[in-house]
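Participant: Per our numbering, the very first residue in the sequence shown carries number 339; after that it's consecutive.
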Amino acid sequence: MVRTTIYLDNDLLAEAKRAAAERGTTLTGLIEDAVRAALARRKPPQDRSKARLPVFRGKGLQPGIDLDDSSGLLDLMDR
């Protein structure tokens, strides 16, 4: 078990505390059940086909181009 902090709207927290008391569980138990229910409703990931990217003919990178230097690339594109 891990201890964590969550931020809830005051009205939502009050309602959650009431619901937990009505069910005879703790606030933690109520939140755990809600998260489990939300995760169970998730749709399974759909198979994605690979995206086809356009390819342009050329001779590779221009001299002086460094793909790891985003600032330099932005300067070159602005020219």
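All residues carry an ideal CB built from backbone N, CA and C; glycine is no exception.
#1: Out of Thr366, Gly402, Ile403, which one is the CA nearest neighbour of Arg423?
#2: Hey, would you say Leu368 sits closer than 8 Å to Ala389, going by beta carbons?
#3: Return the first residue and the last residue of the alpha helix (DSSP H) that Gly367 is part of.
Facilitator: Put simply:
#1: Absent from the structure is residue 423, since the part of the chain shown begins at 339 and ends at 417.
#2: For the purposes of this step, residue 368 is taken as the residue at position 30 of the sequence shown. For the purposes of this step, residue 389 is taken as the residue at position 51 of the sequence shown. No.
#3: As a position in the sequence shown, residue 367 is number 29, starting the count at 1. Looking at the DSSP string, the run of the alpha helix (DSSP H) that includes Gly367 is 365-378.
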